[in-house]
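Those letters in the sequence shown? Residues 244 to 313, per my numbering, in order. Idealized CB from N, CA, C, for every residue including glycine.
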Amino acid sequence: MPQAKEPKNFIEEILMELAKLRAVKVGGKWRLTEISRKQRTTFEKLKIGIPVEASLVIKKGGVWIRGLDQ
């Protein structure tokens, strides 16, 4: 029987998967590129709508998603 994941590892796994999201700027708006099946499942399990547009905060060395707009 598989063991339940520890909460820390579970949260880490979710954050690592969602960190793979990528966005491109189209017509002055940021849009998310493909969303994998695993990311889609994660959004569904968390009862979050699948995002289309992304509001981003860009920092040196990386991009953080500040908020997601539907």
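Can at least three beta-carbon pairs, one atom from the region 274–287 and one from the region 249–260, be found at a separation below 8 Å?
yes
Kindly identify the DSSP beta-bridge partner or partners of Lys268.
Trp273
Could you say which of Lys272, Ser279 and Lys251 lies nearest to Ala262 if we only look at CA atoms?
Ser279
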